[in-house]
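What follows is a short report on a single structure.
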Amino acid sequence: MRSATARIVVAVVVALGCAASPVLARPAGPGPAASAGARSEVRTAASESTPHGRLPDGVAALLAQLDTASWRRLTVQHNGRRKPMDTFAREQVRGLLGTESYARQDPLALYLWMLFARDQAAHVDMVRVRNLKLLELLGLDRRSPYTSFAAIADNEAFARERDRLHRMAAGMVLGPNQSAIVRLGNRAWLFEHLEDELRMVPPPADAGDDRWLPVFATHGVQHAPALAALWSETATLRNRVAEAFEARDATAANEALRQLAQRVAAVQGAAAMPASLAAAEVWMNRFHPLGWAWKLLAVAALAFGASLLGYRRGWYPVAVGALVLGTLLAAGGLAVRTAIVRRAPVANIYEAVVFATFASVVVGSIFELR
2 MRSATARIVV AVVVALGCAA SPVLARPAGP GPAASAGARS EVRTAASEST PHGRLPDGVA
62 ALLAQLDTAS WRRLTVQHNG RRKPMDTFAR EQVRGLLGTE SYARQDPLAL YLWMLFARDQ
122 AAHVDMVRVR NLKLLELLGL DRRSPYTSFA AIADNEAFAR ERDRLHRMAA GMVLGPNQSA
182 IVRLGNRAWL FEHLEDELRM VPPPADAGDD RWLPVFATHG VQHAPALAAL WSETATLRNR
242 VAEAFEARDA TAANEALRQL AQRVAAVQGA AAMPASLAAA EVWMNRFHPL GWAWKLLAVA
302 ALAFGASLLG YRRGWYPVAV GALVLGTLLA AGGLAVRTAI VRRAPVANIY EAVVFATFAS
362 VVVGSIFELR
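Numbering (our numbering), first residue to last: 2 to 371.
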């Protein structure tokens, strides 16, 4: 029994490093490299206790009153697949700020504010700069390393260096400082093109392209004159939402958002993501079963270690219970993730390592409990 326990401890410890990855914890988000890059240089003050972790007066109250239910499961085509708006908003906020939230706000509500009140959001110091070269380039003090997207866009020195690096980037390896500048430039670009990324309109049958169209894209009218009325209507509703946001009128904002969501849902029709899969992905985003599995496996590893060291015999059933629950949660999470993305989580070496580690834990559990 002790030798079997030792084997399973090794398997669980290996699982801890892999289960903590974004591939497990965020089944529909960007890959590990993108997430690591977002966290390495640009972060936000996520707590309202810090000076830069606040929103303008009245905005937090407005976002708290937003009814986002009609938007949460709408379909967006992004990064090669259809996904619910809830996932898309989390990815966009993380891509902009390096974290899924700011000032403890719901990611979807925060994204809608940045989308419809972009001029106001642009002047909020939400972006934290950690790289010393960037601090110097942006004229920031290390004691107050926060800036806004408007300040980044207006900084000529940063723009010159960013453009120079973009011209040089092809075929060359960038250093840490250069990479930090390019990444920050990419975030600034994303902020300026939020509407272009919001692709919620399926293409016409004769478009010859399966890429969806932006919901507010007037430049896409040439694809089909019949869609001109749609874009005119969505533009009108967008303006109504923007005016309600500016006036801090939650009732008007909710009504305009509801009408816009209904119009988009009607256009998507059968092309929308299946409701059951959208609901499952929203559930994954909120509950994070794979994150809880990681925590339970950590408890199992510690409890098995205590049991092996002979501290208390009572640690053994705790370890087994945590191991079984963690394995079941991981199995359920992986099954839901496979259904969502319509493929097994073994598309690359990174995912294969995660899946192989999970399989090792399952096999170890069987040997331990038989």
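Beta carbons: idealized from backbone N, C-alpha and C, even for Gly.
If you compare alpha carbons, which of the options is closest to residue i?
| i | options | result |
| --- | --- | --- |
| A181 | P146, A160, N132 | N132 |
| S308 | A320, A118, A299 | A320 |
| D197 | W213, T358, A208 | W213 |
| T358 | G311, W295, F305, N255 | W295 |
| A61 | V125, F89, W72 | V125 |
| V77 | G140, R95, A90, A158 | A90 |
| A276 | G59, R55, A353, R74 | R74 |
| A336 | P290, E247, W316, G322 | P290 |
| A245 | L258, E234, T235 | L258 |
| A323 | G186, L141, Y112, V363 | V363 |
| T88 | L98, A104, P108, G99 | P108 |
| G365 | V325, R144, T339 | V325 |
| F159 | N187, R143, R144 | N187 |
| W114 | R168, G59, R144 | G59 |
| A152 | F192, D164, M169 | F192 |
| G81 | S361, P215, D211 | D211 |
Taking buried to mean at least 16 other C-beta atoms within 10 Å of its own C-beta, is residue i buried or exposed?
| i | result |
| --- | --- |
| W190 | exposed |
| M173 | exposed |
| E101 | buried |
| W72 | buried |
| P28 | With a pLDDT of only 42 at P28, under the threshold of 50, the placement of this residue in the model should not be trusted; the figure read from the coordinates follows. Buried is the call here. |
| P146 | buried |
| L98 | buried |
| N286 | buried |
| T235 | buried |
| E247 | exposed |
| P177 | exposed |
For the putative contact between residue i and residue j, defined by C-beta atoms under 8 Å, what is the C-beta separation to the nearest angstrom?
| i | j | result |
| --- | --- | --- |
| L298 | G327 | 4 Å |
| L228 | P203 | About 10 Å; that fails the 8 Å criterion. |
| I372 | A280 | The requested residue 372 is not part of the displayed model; the chain covers only 2 to 371. |
| A110 | S149 | With 8 Å as the limit, A110 and S149 do not qualify as a contact, their Cβ atoms being about 20 Å apart. |
| L139 | E162 | Wrong, their Cβ atoms sit about 10 Å apart, outside the cutoff. |
| V130 | L141 | 6 Å |
| V283 | P57 | Not really, about 28 Å apart at Cβ, beyond 8 Å. |
Could you check where the alpha helix (DSSP H) with residue i kicks off and where it finishes?
| i | result |
| --- | --- |
| T328 | 316-342 |
| V77 | From DSSP, V77 is part of no alpha helix (DSSP H) but of the beta strand (DSSP E) over 76-79. |
| Q179 | 177-193 |
| Y103 | Per DSSP, Y103 belongs to no alpha helix (DSSP H) and is neither H nor E. |
| N240 | 229-248 |
| T252 | 251-269 |
| N156 | Counting along the chain, N156 falls outside any alpha helix (DSSP H), and DSSP gives it neither H nor E. |
Starting from residue i, follow its DSSP beta bridges and name the residues at the other end.
| i | result |
| --- | --- |
| P215 | R200 |
| T148 | V128 |
| D142 | S145 |
From what residue to what residue does the beta strand (DSSP E) around residue i run?
| i | result |
| --- | --- |
| R83 | 82-85 |
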